[in-house]
Amino acid sequence: MSQLNLVDIPRSGNESIDYILNGRYPVPKEGGSTYTWSFSNTTFIRGENTFEAFTENHAYINMIRDSLDKLSTFANVTFKEVDENSGDIGMIRYWSCDDRSFDYSGIATAFSGYGQDIVLKTYSSNVASHPPYKFSTAAHELGHVMGLEHTQSIINGKWDSDEYKAGITELNTVMTYNSLQSGEKTTLLSADGSSIGEATVKNYGIDDILAYQYIYGANYEYNKGNTTYKYSPNELNYYDTIWDGGGIDTLDFSDFELGSIINLNGGTRSSIYIPVPETNSKNVYDGTHAIGIAYGANIENANGTKGNDVIYGNELNNIINGNAGNDIIYGGAGNDTLNGGDGDDVLYGGDGNDNLNGGNGNDTLYGGNGSDRYFITSTTFRIVEHEGEGSSDEIRVNINGVTNFILPDNVEIFSLYSDFTYNSTLTGNKIDNVLYGNDGNNILIGRKGNDNLVGYLGSDTYIFSRGDGKDTIGEIATNNTPATDTDILVLTDISASQLWFSKKQSMGLTSLNVTILGTTDEITISNWYSYSAKLEQLKTQDGIILSIAQVEALVDIMAQQTMPEGSSSSVIHDYLALTGISDVPNENVIRGNEQDNVINGSSGKDTLYGGAGNDVIDGGDGDDTLYGNEGDDILRGGSGSNILIGGAGIDKFISTGNDTLIGGEGNDRYEIYGTEFRIIEETNQGIDHLYIYINSVTNFVAPENVENISLNTMLMHSSSITGNDLNNVISGNFGDNVLIGGKGDDTLQGYRGSDTYIFNLGDGQDTIWEYSNHDVAVTDKDILLFTDISANQLWFTKDLSLGRESLVVKVLGTSDQILVNEWYSSNCKLEEIKTQDGMTLSINQVESLVDIMANQTMPTASNSSIIDDYMMAQASMMMG
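Residue numbers (numbering that gives the first Met the number 0): 0 to 879.
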């Protein structure tokens, strides 16, 4: 009598389950979820076939046990083996068939009367060499017993048999009739390139696990602790699928060399590439799709390979280590920690409060939604935060050396490692920032927004300009710092007559408040009085330098008066007229006049004022502050960490050291001979030009509100230049340049060399100027690269204007376009145009497409099939 009842089970509504559901599943009559099974010890004749007991140690015995054991790891079922020689007959009985006339690799049905019977064909002399007769066959027949069916499809509104359902292999379900080879690479090769077998599945497919768990429930006891799944390149010759019941789990591929595509999301597979001998075969197993993760298996962490990885996190709080190589890591949802390791990495935090650390290399970090932290250990990095993606994004810098940091847009907080003593410049952005220095001599520039600036120990300089908002300065108490520390507030475009000093009380503490008359601007120096956290100097644009004693005397004087409603007051000048202007200790101060002055600083620390007139000011050695004031001035910082303030007029800045350059109104020119510099220009202050004279490989980003940037044309080094949101003119040199206009209508000129022009969706209407192909080396290859635009979004046409015949590449559905100037009239052509979907167009192909599209109307939609059709036709011709 059968020991099992068959119970109906409805469709789930999930196609990934329903396409392999039988509609019924067995339940032990005695209750519970334990199924006994046994190897038959008798012979059964069914038609022309004889079913027999398995011989001892037959290869299938281990496969059978493996299929039962693995099913119980992810589903709430238990299998118990019983011995028929002892009189116990299992609910599930296994038989072998060595009859060559048996037409099946296996069958599952009820014929012996005790429950469900499984027959497996065993006549092959070497079962191990025939992948269909391995684990998947045993698991397939067990599936028929336990409630699964061959793959099905919905035909005429009903589920119907589709045993060879397209796109399905044993990686999805062992219930398919499609061979693994029909969709995957399976041939295993030895080191000399000879075949040594086939890669097979080591576990049930992703959909099998999902369906079994729908029927029986999930087994969350299996691997419910913290589990590390570590794989070895010397042993990976199979396909596996992971089910995990809980804990904090890790995929570890750190021993692999060739890179990987790792996905932590349930229902996906990862490709962990292994080296293979050179061969003409396209079916050689190389680790593609090797490791799968079942739905509901929560794997939190991943360790990448030593190669170039692409790693996808999931909705959990992931820790992902890229290790060596140029990695791309996507955190997804959750509060993730992404570590790029060595190499040029790209990290995407996604949703959640993420920690991103690019490691060594030229890294690009995208925070995404949430309050993210960026940990910086290299001076070459790029951070992208979009507006509204978080309220307290923070950059933490852990570099022991002189550095220059400009806070990226939409990042609120910037911190140096406070115990380091190197000198750094921190520049904020237009939102409310918090900038933390270290124990070195820092320059902190909050810029727009209501900023909080903390210098810590060291001689720190705080720079403030009109319109910078309501800033707060936090300094270490002067009685806790060396006597040589000199903290300074530099007002770039504010005169002494515009200042008003007062005490400010808050929470029982007394601070100094500096109000800019006629504006809403103010600077609060926290705990000036309560904790003696004072600044030794306050410098104004008109040559006034106030000491602590002078400031406090002015506070007392102004406390007896009413702050004027206008934009100026004579109180400070009246006070200085009575007391005199004091010498500044350990500093050389020179004040020019209305003439065209030539002012040279000393070898020490200088503060030099040009005054009115067209002045030439040279700071010389030391850390200097130069004010051009009115007129068209030339300012040279010299060596040291210098602050150059142009003021009104067409000013020229020459920077050879670690300089802060503040332009002001007028069309300013910046000449850069050193790698440590920062430029501050506000909106509507003129058309400014940055000239780079550095003879080395460089990576430049146009400062905010600077329109034009040029490399020294004759230099041969390769550089990358990225524009800003203005209409930029960007000029390369004779090296291999990468030019990125960014937003705005930009003009890009690569000159000689193999140049790459990068264009993103929304970048506007750009113009490219290239050298004629007649005038450059044949090895030069110029490329237009679309990072997020596919070939079907492009439309090619000619442009005839001003006697020039040019190529125009339009982006369908947008106003974006690129004009390649004189493509036709002067042979100024780009050798390749590449799109995000992997298509590369040559000069001949582009010109053929121009001719084809000239006879058609440009679609108003955002895509067209013309390029795809043309490329397919070309491929067919080549094959024909």
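Glycine is no exception: its CB is placed at the ideal position from the N, C-alpha and C atoms.
Which two residues bound the contiguous alpha helix (DSSP H) that contains residue i?
i: residue 95; result: No alpha helix (DSSP H) contains residue 95, which is instead part of the beta strand (DSSP E) from 91 to 96.
i: residue 194; result: Looking at the DSSP string, residue 194 is not in any alpha helix (DSSP H); the run it does join, the beta strand (DSSP E), is 194 to 197.
i: residue 549; result: 547 to 558
i: residue 209; result: 205 to 215
i: residue 81; result: It is not in any alpha helix (DSSP H) - residue 81 carries neither H nor E in the DSSP assignment.
i: residue 846; result: 842 to 853
Can you tell me where the beta strand (DSSP E) holding residue i begins and where it ends?
i: residue 657; result: 657 to 661
i: residue 139; result: Note, residue 139: premise wrong, no beta strand (DSSP E); alpha helix (DSSP H) at 134 to 145.
i: residue 11; result: Run containing residue 11: none; DSSP gives neither H nor E here.
i: residue 71; result: Residue 71 -> not in any beta strand (DSSP E); alpha helix (DSSP H) instead, spanning 58 to 73.
i: residue 107; result: 105 to 108
i: residue 654; result: 651 to 654
i: residue 512; result: 508 to 515
i: residue 261; result: 259 to 262
i: residue 670; result: 668 to 671
i: residue 422; result: First-last for residue 422: undefined, no H or E at that position.
i: residue 454; result: 451 to 455
i: residue 27; result: 23 to 27
Please confirm whether residue i and residue j have their CB atoms less than 8 Å apart.
i: residue 90; j: residue 114; result: yes
i: residue 880; j: residue 824; result: In the structure as shown, the chain begins at 0 and stops at 879. Residue 880 is therefore absent and cannot be evaluated.
i: residue 862; j: residue 791; result: yes
i: residue 74; j: residue 216; result: yes
i: residue 429; j: residue 446; result: yes
i: residue 703; j: residue 728; result: no
i: residue 626; j: residue 497; result: no
i: residue 111; j: residue 43; result: yes
i: residue 140; j: residue 109; result: no
i: residue 149; j: residue 160; result: yes
i: residue 672; j: residue 693; result: yes
i: residue 455; j: residue 475; result: yes
i: residue 450; j: residue 432; result: yes
i: residue 749; j: residue 731; result: yes
On the criterion of 16 or more Cβ atoms from any shown chain inside 10 Å, does residue i qualify as buried, or is it exposed?
i: residue 777; result: exposed
i: residue 880; result: There is no way to answer for residue 880, as the model of the chain reaches only from 0 to 879.
i: residue 118; result: buried
i: residue 855; result: exposed
i: residue 858; result: exposed
i: residue 739; result: buried
i: residue 4; result: exposed
i: residue 481; result: exposed
i: residue 598; result: buried
i: residue 593; result: exposed
i: residue 9; result: exposed
i: residue 128; result: At residue 128 the pLDDT is 42, less than 50, meaning the model places this residue with poor confidence; the figure from the coordinates comes in the next sentence. With fewer than 16 other Cβ atoms within 10 Å, it is exposed.
i: residue 6; result: exposed
i: residue 850; result: exposed
i: residue 418; result: exposed
i: residue 14; result: exposed
i: residue 871; result: exposed
i: residue 153; result: exposed
i: residue 29; result: exposed
i: residue 130; result: Bear in mind that the predicted position of residue 130 carries a pLDDT of just 39, short of 50, making it too unreliable to give a figure here.
Below 8 Å on the Cβ atoms is my guess for residue i versus residue j; work out the distance and round it to an integer in Å.
i: residue 650; j: residue 631; result: 6 Å
i: residue 286; j: residue 270; result: 6 Å
i: residue 366; j: residue 384; result: 5 Å
i: residue 403; j: residue 657; result: 7 Å
i: residue 237; j: residue 267; result: Actually they are not in contact, since the Cβ atoms of residue 237 and residue 267 sit about 18 Å apart, beyond 8 Å.
i: residue 340; j: residue 322; result: 4 Å
i: residue 473; j: residue 490; result: The pair is not a contact, with the Cβ atoms about 19 Å apart (cut-off 8 Å).
i: residue 302; j: residue 186; result: With a Cβ gap of about 28 Å, residue 302 and residue 186 do not count as contacting.
i: residue 829; j: residue 782; result: 6 Å
i: residue 640; j: residue 619; result: Contact doesn't hold; Cβ gap of about 13 Å is too wide.
i: residue 348; j: residue 371; result: 5 Å
Just checking residue i against the ligand SAH - is the residue's beta carbon closer than 7 Å to any of the ligand's heavy atoms?
i: residue 482; result: Absence of the ligand SAH from the depicted structure is noted, as is the absence of any ligand whatsoever, leaving it without description.
Whole beta strand (DSSP E) elements within the segment 698 to 767, 3-residue minimum: 707 to 710, 718 to 721, 728 to 730, 737 to 739, 746 to 750, 755 to 758
Segments assigned alpha helix (DSSP H), at least 4 residues, entirely inside the segment 568 to 649: 570 to 578
Sequence ranges, beta strand (DSSP E) only - wholly within the segment 276 to 354, length at least 3: 290 to 292, 300 to 302, 308 to 311, 318 to 320, 327 to 329, 336 to 338, 345 to 347
3 or more residues per run - each beta strand (DSSP E) lying fully within the segment 384 to 422: 393 to 396, 402 to 405, 412 to 415
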